[in-house]
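Q: Residues 1 to 715 in the working numbering are what the sequence shown spells out, letter by letter. Quick reminder that beta carbons are idealized off the backbone N, C-alpha and C, glycines included. If you're wondering where the values come from, they're calculated on a predicted model, not measured in any experiment.
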Amino acid sequence: MIRLLAITFFFLCCTSSAQVNSETLNNDAIQKKIDSLVSDILNAQQPNGSWLYKGRNQGSTALHLLALNSAGLSEKNPAIAKGLNYLLQNPPKSDVYSVSLTIFALQKINSKKFFKKISRAAKWLINSQHAGTWNYTGTGTGDNSVTQFALLALKAAETAGVKIPKATYESSKKHFISYQNLKNGGWAYKATNPTTTSMTSAALASLKICGIEEEISLELLNGSKYCGIYKTDSRISKGFKFLAERLRNSPNEILANNYTLYALERAGILYDKNFIGDSDWFKIGTKHILDQANSSGKYLPEAFKPLFLSKGNSPYLVSKLKWGSNKDWNNRHKDMRHFTSIVSNQIKQELTWQNVSLNDDSINYLRAPILNISGKEKFSLTKAELQNLDKFLNNDGYILITPCLNSTRFQKSIEEELQELYPDTSFQEIPEDHPFRRSHFDLRGKSLDLKVLKGTCDSKNVYLATNDISLSLESKNINVGNKEILLNLTKLALKEKPLIPKLAKPKLKKRNKSQLFESLKGTTEKTSTGIQLAQAILPNNLDYIKPESMNNLLAFMTNSLKIQTQTGINIIDLKDRTKLSNEPVIYISGRKSFNLDEQETENLKNYLQNGGFIFADSICSCEEFDKSFKKLVEAIHSNISKLEKIPSSHSIYSLPYKIESRLYGVKIDGKYSIIYSPDDFSTSMKSYAKESKYGLPTEEALKTAANILSYGLSH
């Protein structure tokens with residue numbers, strides 16, 4: 001009974017040889033399973049808020065609260081509130097497992113609110129330690145099974161802010177080191193017992209909590225000349241070798257024992273191992289759970305499943321790029337792990353990270369919103385890799401470059417590679433009004449150890465750390481400035497590219513017309529009344545369909561002029577004559593040359609002759625787009641009028657705002673039916689930042705567009 005209760009809030013199913021059908025492993029299937037498990041767990045809750053388990057109701061209740069919380073139920077949920085009330089009114093006493101589970105639950109659900117209770121329970125555990133171990137009742141020397149639960153609870157308490165004496169961890173570390181079987185690398189329940197998979201996993205997890213890493217950075221110990229050099233701790237490597245052999249040779253033994261599965265999961269998670277040996281524990285475990293029917297009436301085992309599915313399916317925050325033929329990409333092995341941990345604690349969500357290649361046909365590099373590129377030698381990518389890097393950025397990804405030892409060679413070479421994609425760009429100081437400076441912490445007016453890749457027009461989502469932030473992360477010695485930089489970057493990245501669960505399939509941004517309509521559906525839903533606006537699709541310019549600019553314009557007009565505007569804009573295919581005729585105003589913008597076919601040109605001509613209105617700008621004041629647009633105007637109005645500069649005395653420069661922009665137009669029946677700005681205003685309206693060297697400042701851009709739109713709707 002005690003051993004079964006010890007199987008707590010995580011669950012793992014893992015084999016080395018099992019074949020996993022990846023088609024069945026998707027986020028929808030996982031969520032459906034979690035929902036069904038949650039339903040069963042809720043049905044098993046007792047009227048007093050508890051979950052029963054053979055006289056150990058406090059431990060069982062804490063376990064089920066963890067399961068429900070991991071599935072997304074908050075403290076405000078009636079079932080969790082009721083369970084917490086029971087647990088707080090009936091705190092466990094003299095039971096190491098139940099006390100440990102209670103600390104887990106309270107820390108996970110609301111560590112700040114329950115800090116005093118967590119602290120009190122942790123103090124009892126600390127005082128109950130004997131020779132580095134705990135027994136079931138906290139009264140004497142114990143075994144490795146009970147001990148690892150107490151250590152896990154103390155780690156949770158430490159995360160909540162409780163100070164745990166170093167001596168407590170040191171005593172347990174000494175115990176586990178002395179009890180390792182040096183012949184096979186494993187551990188036993190007690191010294192007189194044979195080594196087992198479960199106790200080896202438990203010992204490895206416990207040693208990690210006590211401060212022993214599998215790898216030790218010699219750079220942190222001996223200085224920069226050892227950058228990229230690590231020493232492996234043989235005790236940990238032997239332990240994982242033992243587990244790998246058991247997984248390979250005795251998978252059924254592991255699958256049949258829930259305690260062993262739980263222990264194996266802990267070791268994999270704590271040491272950041274997606275594989276133990278050749279086993280992908282999360283995929284195999286997930287398939288095992290999805291293939292199983294729920295066990296009616298066995299609610300304690302069922303609680304492990306949503307915990308496992310939620311924990312293992314944590315989304316990726318950052319990918320670390322594997323580039324080149326050597327290991328220069330990975331001089332600091334734990335920098336991104338610690339980056340992820342900082343963000344996880346900040347946003348209160350479990351996150352993970354991965355190493356990726358840009359040669360990956362499965363586009364795994366799109367799974368995380370942030371791509372880290374690091375190194376100290378000359379950086380280079382193949383042509384195909386550069387194209388995939390461009391895909392990543394075009395899919396709203398963000399790049400954080402962290403040169404090791406502030407290597408100028410690495411910085412210069414990566415800037416040159418990026419210039420292959422984006423000519424006339426360079427790393428520059430981040431402007432005061434750049435969105436980065438206010439995405440989370442207000443960093444306006446502060447000197448930043450970070451630069452952004454900028455061109456003559458706008459910024460790219462590429463950032464270069466100008467201090468050795470990678471070393472700070474590796475050592476966990478993160479100063480306030482670096483922490484603010486990391487969190488602002490994360491908030492900015494997540495705004496454009498939300499996190500997705502690990503097993504959700506990454507998607508490339510849609511490029512053809514039909515797919516573009518589908519991808520923008522959520523941003524173009526409109527209200528029934530108010531000013532209406534639409535943007536036309538231009539060939540070769542699909543990347544520049546960005547509804548944010550016009551949405552910001554409409555919001556500006558609503559707030560400043562008190563004019564009712566619609567929420568969202570339409571995206572119009574110029575081949576669709578019927579839909580085109582229903583739009584009073586069409587916006588055209590782009591950055592590349594384009595040619596409309598005969599049907600599109602004729603539709604635009606008919607649209608204007610029937611009273612339609614077009615206004616346009618050239619993104620980044622692009623010469624190629626400017627030429628194409630003027631050519632289009634001539635094709636539409638060759639016998640009527642040409643694009644001409646609008647006189648400064650015209651009312652468009654003063655109503656409703658006084659503006660100083662350069663505007664050009666074409667008249668039909670005495671009024672302008674086309675108004676064009678060769679200066680970029682859409683970029684500034686999109687970002688609310690003065691980004692464009694050739695464009696307009698944000699306020700001028702909004703006022704210019706508002707004047708044009710007001711004219712088009714009133715004449």
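Would you kindly report the start and end of the unbroken beta strand (DSSP E) that includes residue 664?
A: One-based indexing of the sequence shown puts residue 664 at position 664. Start and end: 664–668.
Q: Taking the Cβ atom as the reference point for each residue, do residue 619 and residue 683 lie within a distance shorter than 8 Å?
A: The sequence position of residue 619 within the sequence shown is 619, counting from 1. The sequence position of residue 683 within the sequence shown is 683, counting from 1. Cβ atoms of residue 619 and residue 683: closer than 8 Å.
Q: Report back the beta-carbon spacing between residue 161 and residue 104 to the nearest angstrom; my notes put them in contact at under 8 Å.
A: In the sequence shown, residue 161 corresponds to position 161, counting from 1. In the sequence shown, residue 104 corresponds to position 104, counting from 1. Contact flag wrong, Cβ pair sits at about 15 Å.
Q: Within 10 angstroms of its Cβ, does residue 22 collect 16 or more other Cβ (buried), or is it exposed?
A: Within the sequence shown, residue 22 is the residue found at index 22, counting from 1. Annotation note: pLDDT 49 at residue 22 (below 50); position unreliable, no value reported.
Q: Which of helix, strand or coil does DSSP assign to residue 271?
A: Numbered from its first residue, the sequence shown carries residue 271 at position 271. Reduced to three states, the DSSP call for residue 271 is coil.
Q: I need the DSSP call for residue 696, collapsed to helix, strand or coil.
A: Translated into positions along the sequence shown, residue 696 becomes position 696. Residue state, collapsed to three classes: coil.
Q: Considering only the alpha carbon of each residue, which of 312, 468, 151 lies closest to residue 165?
A: Position 165 of the sequence shown, counting from 1, holds the residue named residue 165. Of the listed residues, the one whose Cα sits closest to residue 165 is 151.
Q: Exposed or buried, what is residue 480 when buried is set at 16 or more other beta-carbons lying within 10 Å of its beta-carbon?
A: Here residue 480 corresponds to residue number 480 of the sequence shown, with the count starting at 1. Classification for residue 480: exposed.
Q: Considering only C-alpha positions, which residue in the set 363, 335, 597 is nearest to residue 353?
A: To locate residue 353, count along the sequence shown from 1; it is residue 353. Here the closest residue by C-alpha is 335.
Q: Excluding the five sequence neighbours on either side, which residues of its own chain have a C-beta within less than 7 Å of the C-beta of residue 540, listed in chain order?
A: If you number the sequence shown from 1, residue 540 lands on position 540. Closer than 7 Å at the Cβ level, and outside the excluded window around residue 540, lie 592, 593, 594.
Q: When you compare the region 429–437 with the region 445–459, are there three or more beta-carbon pairs, one atom per stretch, that lie closer than 8 Å?
A: The region 429–437 vs the region 445–459: in contact.
Q: Measuring straight from C-alpha to C-alpha, what distance separates residue 502 and residue 183?
A: Stepping through the sequence shown from its first residue, residue 502 is reached at position 502. Stepping through the sequence shown from its first residue, residue 183 is reached at position 183. Spanning the two alpha carbons is a distance of roughly 38 Å.
Q: Can you tell me the Cα-Cα spacing of residue 322 and residue 281, whole angstroms?
A: Here residue 322 corresponds to residue number 322 of the sequence shown, with the count starting at 1. Here residue 281 corresponds to residue number 281 of the sequence shown, with the count starting at 1. Answer to the nearest angstrom: the Cα atoms are 23 Å apart.
Q: Contact between the region 67–81 and the region 36–43 is defined here as three or more beta-carbon pairs at a separation below 8 Å; is this criterion met?
A: Enough Cβ pairs lie closer than 8 Å, so yes.
Q: Under 8 Å, with one C-beta from each stretch per pair, do the region 215–234 and the region 259–277 reach the 3-pair mark?
A: Not touching, per the Cβ criterion.
Q: Using three-state DSSP, classify residue 450 as helix, strand or coil.
A: Here residue 450 is taken as the residue at index 450 of the sequence shown, counted from 1. Three-state DSSP puts residue 450 in a strand.
Q: So is residue 88 buried or exposed if we call it buried at 16+ other beta carbons inside 10 Å?
A: Within the sequence shown, residue 88 is the residue found at index 88, counting from 1. By the 10 Å Cβ count, residue 88 comes out exposed.
Q: Just how far apart, CA to CA, sit residue 757 and residue 262?
A: Here the chain covers residues 1 to 715 and nothing more, so residue 757 does not appear.
Q: Is it right to say residue 423 is buried, meaning 16 or more other beta carbons lie within 10 angstroms of its own, or is it exposed?
A: Position 423 of the sequence shown holds residue 423. Exposed, by the Cβ-count rule.
Q: My understanding is that residue 117 touches residue 106, with C-beta atoms under 8 Å, so please give their C-beta distance in whole angstroms.
A: Taking the first residue of the sequence shown as 1, we reach residue 117 at position 117. Taking the first residue of the sequence shown as 1, we reach residue 106 at position 106. Between residue 106 and residue 117 the Cβ distance is about 6 Å, and since that is below 8 Å, they are a contact.
Q: Taking 8 Å as the cut-off, decide whether the C-beta atoms of residue 356 and residue 399 are in contact.
A: Against the sequence shown, residue 356 aligns to sequence position 356. Against the sequence shown, residue 399 aligns to sequence position 399. No, Cβ-Cβ distance for residue 356 and residue 399 is not below 8 Å.
Q: Just mark residue 670 as buried or exposed, buried being the case when its beta carbon has 16 or more other beta carbons within 10 Å.
A: If you number the sequence shown from 1, residue 670 lands on position 670. Exposed, by the Cβ-count rule.
Q: For the region 274–330, list the alpha helix (DSSP H) runs that are entirely contained and at least 4 residues long, ordered along the chain.
A: If we require 4 residues or more, the alpha helix (DSSP H) runs fully inside the region 274–330 come out as 281–291, 299–312.
Q: Compute the beta-carbon to beta-carbon distance between residue 260 and residue 197, rounded to the nearest angstrom, for a pair I have assumed lies under 8 Å.
A: Here residue 260 refers to the residue found at position 260 when the sequence shown is read from its first residue. Here residue 197 refers to the residue found at position 197 when the sequence shown is read from its first residue. That belief holds up - the Cβ atoms of residue 260 and residue 197 are roughly 5 Å apart, short of 8 Å.
Q: Who pairs with residue 429 in a beta bridge, going by DSSP?
A: Along the sequence shown, one-based indexing puts residue 429 at 429. For residue 429, which the question treats as bridged, DSSP gives the partners 451.
Q: Thinking just about the alpha-carbon of each residue, which of 543, 545, 546, 566 is nearest to the one in residue 554?
A: On the sequence shown, residue 554 is found 554 positions in, with the first residue counted as 1. Cα-wise, what sits closest to residue 554 is 566.
Q: Going by DSSP in three states, residue 7 sits in which element: helix, strand or coil?
A: Here residue 7 refers to the residue found at position 7 when the sequence shown is read from its first residue. Residue placement at residue 7 is poorly supported in this model, since its pLDDT is 33, which falls under 50; the coordinates still yield a value, given next. Correct three-state label for residue 7: coil.
Q: By alpha-carbon positions, which one of 99, 74, 403 ends up nearest to residue 471?
A: As a first step, residue 471 is located in the sequence shown; it is residue number 471 there, counting from the start. The candidate whose alpha carbon is nearest that of residue 471 is 403.
Q: Residue 436 to residue 489, Cα distance in whole Å?
A: Within the sequence shown, residue 436 is the residue found at index 436, counting from 1. Within the sequence shown, residue 489 is the residue found at index 489, counting from 1. Roughly 7 Å between the two C-alpha positions.
Q: Using DSSP's beta-bridge definition, name the partner residues of residue 677.
A: Counting from 1 along the sequence shown, the entry for residue 677 is found at position 677. The partner list for residue 677 (beta bridge, DSSP) reads 617.
Q: Would you call residue 534 buried or exposed, if buried means 16 or more other Cβ atoms sit within 10 Å of its Cβ?
A: Reading the sequence shown from its first residue, position 534 is the one you call residue 534. Buried is the call here.
Q: What residue range is occupied by the uninterrupted alpha helix (DSSP H) comprising residue 232?
A: Within the sequence shown, numbered from 1, the residue matching residue 232 stands at position 232. It is not in any alpha helix (DSSP H) - residue 232 instead sits in the beta strand (DSSP E) that spans 230–232.
Q: Give me, in chain order, the residues of the same chain whose beta-carbon lies closer than 6 Å to that of residue 130; leave out the 5 immediate sequence neighbours on both sides.
A: The residue you call residue 130 lines up with position 130 of the sequence shown. Closer than 6 Å at the Cβ level, and outside the excluded window around residue 130, lie 140, 141.
Q: Roughly how many angstroms separate the alpha carbons of residue 367 and residue 576, rounded to a whole number?
A: If you number the sequence shown from 1, residue 367 lands on position 367. If you number the sequence shown from 1, residue 576 lands on position 576. Those two C-alpha atoms are separated by around 36 Å.
Q: Between the alpha carbons of residue 797 and residue 476, how many angstroms are there, rounded?
A: Lying before the first or after the last residue shown, residue 797 is absent from the chain, which here runs from 1 to 715.
Q: Sort 427, 343, 574, 177 by Cα distance to residue 473 and report the nearest one.
A: For the purposes of this step, residue 473 is identified with residue 473 of the sequence shown, where counting begins at 1. Nearest C-alpha to residue 473: 343.
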